[in-house]
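Asker:
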Amino acid sequence: MFSRRGFLGTAALASASAISGRVQAASIPEAPHMDKVVMQPPLHPISGPDYRPVMTLNGWSLPFRMNGDWKEFHLVAEPVVREFAEGMKVNLWGYNGQSPGPTIEAVEGDKVRIFVTNRLPEYTTVHWHGMIIPSGMDGVGGLTQPHIQPGKTFVYEFEMKKSGTFMYHPHSDEMVQMAMGMMGMVVVHPRDQSFRPVDRDFVFVMSTYRVDPGTYLPQVNEMTDFNMWTWNSRVFPGIDPLPVRLGDKVRVRIGNLSMTNHPIHLHGHSFAVTCTDGGWIPESAQYPETTTDVPVGAVRVFDVLADNPGDWAFHCHKSHHTMNAMGHEVRNLIGVSRKDLARAVGKLAPDSMAMGSTGMAMGNMEMPAPDNTLPMMTGTGQFGPIEMGGMFTVMKIREDLARDDYRDPGPYQFPQGTVAYEVTPPSAEPARQQGAPMKNMKM
Ligand SMILES: [Cu+2]
């Protein structure tokens, strides 16, 4: 599941232990490393209160070790290569081999010690977004601590005062570091296991990038015109599906560290937002929704009863956010005949393609693209092209999944007679009322 990096040398730790006086140099935990891009099996706790582990889409939870009554984790900030979907890899910064970094899971009341080693070419810090912790542990470089210089290791120590869903990210050259993919999620399980339990629990963080076609590095100065809309730095069809057993109570925890809001929509169900990064929402304040807007710098968690079997689209409802690299300067040519133009351009550039006069559905169209560039819309389902990209995946609700089975169950076997169908023979053109206004109508 993960490889071991071995122990750090003691030299790098001298300053950290001198500051806190609580950590011995020899006691730095290992820094696990992940090189897989698919959801890893649930990481059940090795000690302390039990909990149902959260599943990180295309990711993993960071293993910890116990040291006395402290849970110890080790994050390594470093350059990584992230595959957004098959056919496109991007040079990002992240933690422990991936962007986003691993999910940190703990239990309300836990004392945690999080080691952060900086292997970036510039300094960094880690801020614990939404968590109630001492000011000096808040990770704002310059304000609450010195920046962590390259090669150095710092320690954050605090108690997990409340359960919920939080995020972590740098507060150090943060425009660059977040645009490069440095972020992750923190899930703190309630100590009382009977508090709002669920059968399946998923988590992801949303981030956006501008990676120009044919290139490998995000444009970190971009403010608005992104072309890669990602969940856990993956785009459709690279985002894991959410396999769910029929009748399961399902929790989905969504963080947003992108530069805009994302209205997240689940088909076939209604749900209630039960938690934000501020805490649990009382039941009396919950209401049914099918789409919930996740603001920038916020977490929304919804609980849904998966009582409707099938393959249910789950996506951002901003339609441009379910596209991959697209040119935003393309004109709308619907209804414009461009035969003559196409002929003339074809003589100059034989590979060119005049398109758009009937819409932009691309179906099975093959378009030449630069290396390391994904099609704008892609993915294939059992009935044909899905024509999506970006923030889109599928919740797959099946009758026969075992409890900890998160493997992709494949396409849904629709019961006979339950799929929309073509009428045969085709009906006549529907009768329409003639357009003459009614006699006494005043126009
Ligand atoms: Cu969106």
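Mapping of the sequence shown onto mature numbering (1 follows the signal peptide of the UniProt record, and there is no 0): residues -25 to -1, 1 to 418, in sequence order.
All C-beta atoms, glycine included, are put in the ideal place defined by N, C-alpha and C.
1. Which residues does DSSP list as the beta-bridge partners of G139?
2. Could you pull the start and end residues of the alpha helix (DSSP H) that E134 belongs to?
3. Quick one, which of F358, V369, P125 and Y381 has its alpha-carbon nearest A395's?
4. Can you check which of these residues, V91, L118, D346 and G156, is closest to R57 by C-alpha distance?
5. Strictly closer than 6 Å from CB to any heavy atom of ligand 1: give me those residues in the order they appear in the chain.
6. Mapping the DSSP letters down to three states, classify K322 as helix, strand or coil.
7. In terms of alpha-carbon separation, which member of K86, P77 and G117 lies closest to M142?
8. Mapping the DSSP letters down to three states, classify Q120 as helix, strand or coil.
9. Pairing CB atoms from the region 193 to 208 with CB atoms from the region 109 to 122, are three or more of them under 8 Å?
10. Could you spell out the range, first to last residue, of the alpha helix (DSSP H) harbouring V151?
11. Relative to the C-alpha of Q261, which residue among H102, M41 and V279 is closest?
12. If you run the structure through DSSP and keep just helix, strand and coil, what is D278?
13. Kindly give me the distance between the Cβ atoms of V162 and R94, rounded to whole angstroms, as I take these residues to be in contact under 8 Å.
14. Going by DSSP, what residue range makes up the beta strand (DSSP E) through T297?
15. Starting from D268, trace the beta strand (DSSP E) in both directions and tell me its first and last residue.
16. Between which two residues does the beta strand (DSSP E) carrying F367 extend?
17. Hey, out of D215, G254 and F211, whose CA is closest to S138's CA?
18. Tell me the start and end of each unbroken beta strand (DSSP E) in the region 216 to 251 that is at least 3 residues and wholly inside, in chain order.
19. With 16 as the cutoff for other CB atoms within 10 Å, does F129 come out buried or exposed?
20. Should G(-5) go down as buried or exposed, given a rule of 16 or more other Cβ atoms within 10 Å for buried?
21. Mind checking which residues open and close the beta strand (DSSP E) that includes L67?
22. From this set, I108, Q73, M63 and V398, which residue's C-alpha is nearest T6's C-alpha?
23. How long is the line joining the alpha carbons of L(-18) and V55, rounded to whole angstroms?
24. Have a look at V91, V398, M30 and T266 and flag the residue whose alpha-carbon is nearest the alpha-carbon of H237.
25. Would you mind sorting L241 into buried or exposed? The rule is 16 or more other CB atoms within 10 Å of its CB.
26. Out of P165, M30, Y191 and G111, state which residue places its alpha-carbon closest to the alpha-carbon of K136.
27. So, does the region 18 to 26 touch the region 63 to 71, judging by three or more C-beta pairs under 8 Å?
28. Express the C-alpha separation of T368 and S(-11) in angstroms, rounding to a whole number.
29. Can you tell me which residues form a DSSP beta bridge with G356?
30. Residues in its own chain within less than 6 Å of P386 by CB, not counting five upstream and five downstream?
31. Could you tell me if K252 is buried or exposed, where buried requires 16 or more neighbouring beta carbons within 10 angstroms of its beta carbon?
32. Quick check on this structure: which residue in S259, P16, H19 and T348 has the alpha carbon closest to the alpha carbon of R185?
33. In the structure shown, what three-state DSSP assignment does G111 receive?
34. When DSSP labels each residue in this structure, what does E80 get in the three-state scheme?
35. State the Cα-Cα distance for the pair F389 and P38, rounded to the nearest angstrom.
Answerer: To lay it out plainly:
1. For this step, residue 139 is matched to residue 164 along the sequence shown. Paired residue(s): V163.
2. Here residue 134 corresponds to residue number 159 of the sequence shown, with the count starting at 1. Element bounds for E134: not the alpha helix (DSSP H) but the beta strand (DSSP E), T128 to E134.
3. On the sequence shown, position 420 is the one that residue 395 refers to. When the alpha-carbon of A395 is set against those of F358, V369, P125 and Y381, the nearest one is in F358.
4. Counting from one through the sequence shown, the residue named residue 57 turns up at place 82. Ranking V91, L118, D346 and G156 by CA distance to the CA of R57 puts G156 first.
5. Per the Cβ criterion, the list is W204, H237, C291, K293, H296 and M366.
6. Working through the sequence shown from its first residue, we reach residue 322 at position 347. K322 carries a helical assignment under DSSP once its states are collapsed to helix, strand and coil.
7. Locating residue 142 in the sequence shown gives position 167, counting from the first residue. It is P77.
8. Counted from its first residue, the sequence shown places residue 120 at position 145. In the three-state DSSP reduction, Q120 falls in the strand class (E or B).
9. Cβ pair count under 8 Å is below three, so no.
10. Counted from its first residue, the sequence shown places residue 151 at position 176. Under the DSSP assignment, V151 falls in the alpha helix (DSSP H) whose first and last residues are E149 to A154.
11. Your numbering for residue 261 matches position 286 in the sequence shown. Q261 has its Cα closest to that of V279, out of H102, M41 and V279.
12. Position 303 of the sequence shown holds residue 278. The answer is strand: DSSP assigns D278 an E or B state.
13. As a working mapping, residue 162 is identified with position 187 in the sequence shown. As a working mapping, residue 94 is identified with position 119 in the sequence shown. Not confirmed; about 25 Å, so no contact.
14. As a working mapping, residue 297 is identified with position 322 in the sequence shown. First-last for T297: undefined, no H or E at that position.
15. The sequence position of residue 268 within the sequence shown is 293, counting from 1. It spans T266 to V269 - the beta strand (DSSP E) in which D268 sits, taken as one unbroken run.
16. For the purposes of this step, residue 367 is identified with residue 392 of the sequence shown, where counting begins at 1. Residue range F367 to R373 is occupied by the beta strand (DSSP E) that includes F367.
17. Working through the sequence shown from its first residue, we reach residue 138 at position 163. Answer by Cα proximity: G254.
18. Every beta strand (DSSP E) of 3 residues or more that sits fully in the region 216 to 251 is shown, in chain order, as 217 to 220, 224 to 231, 237 to 241 and 246 to 251.
19. Within the sequence shown, numbered from 1, the residue matching residue 129 stands at position 154. Buried, by the Cβ-count rule.
20. As a position in the sequence shown, residue -5 is number 21, starting the count at 1. Confidence is the limiting factor: at G(-5) the pLDDT is only 47, short of 50, which leaves the residue's position unreliable, though a coordinate-based value still follows. It counts as exposed.
21. Position 92 of the sequence shown holds residue 67. Element bounds for L67: M63 to Y70.
22. Translated into the one-based positions of the sequence shown, residue 6 becomes position 31. The identity of residue 6 in the sequence shown is Ala, whereas the question assumes Thr. Out of I108, Q73, M63 and V398, the CA that lies nearest to the CA of A6 is found in Q73.
23. Numbered from 1 along the sequence shown, position 8 holds the residue referred to as residue -18. Numbered from 1 along the sequence shown, position 80 holds the residue referred to as residue 55. Low local confidence applies: a pLDDT of 37 at L(-18) is under 50, so the model's placement there is unreliable, with the coordinate-based value given in what follows. Roughly 19 Å separates the two Cα atoms.
24. Here residue 237 corresponds to residue number 262 of the sequence shown, with the count starting at 1. Out of V91, V398, M30 and T266, T266 has the C-alpha closest to the C-alpha of H237.
25. By one-based count along the sequence shown, residue 241 stands at place 266. Per the 10 Å Cβ criterion, buried.
26. Taking the first residue of the sequence shown as position 1, residue 136 is located at position 161. Comparing Cα positions, the closest option is P165.
27. The region 18 to 26, when compared against the region 63 to 71, does not touch it at the 8 Å Cβ threshold.
28. The residue given as residue -11 occupies position 15 in the sequence shown. The residue given as residue 368 occupies position 393 in the sequence shown. Note on S(-11): pLDDT 39, under 50, position unreliable in the model; the coordinate value appears next. Put simply, the backbone Cα of S(-11) is about 45 Å away from that of T368.
29. For the purposes of this step, residue 356 is taken as residue 381 along the sequence shown, with counting starting at 1. For G356, the beta-bridge partners assigned by DSSP are G359.
30. As a position in the sequence shown, residue 386 is number 411, starting the count at 1. Answer for P386: Q357, listed in chain order.
31. Within the sequence shown, numbered from 1, the residue matching residue 252 stands at position 277. Note that residue 252 corresponds to Asp in the displayed sequence, not to Lys. Buried: at least 16 other Cβ atoms inside 10 Å.
32. Looking up residue 185 in the sequence shown gives position 210. Each of S259, P16, H19 and T348 was checked against the Cα of R185, and the nearest Cα belongs to T348.
33. Walking along the sequence shown from the start, residue 111 turns up at place 136. Reduced to three states, the DSSP call for G111 is helix.
34. The residue given as residue 80 occupies position 105 in the sequence shown. DSSP places E80 in strand when its eight states are reduced to three.
35. Numbered from 1 along the sequence shown, position 414 holds the residue referred to as residue 389. Numbered from 1 along the sequence shown, position 63 holds the residue referred to as residue 38. Rounded to whole angstroms, F389 to P38 spans 39 Å at the Cα level.
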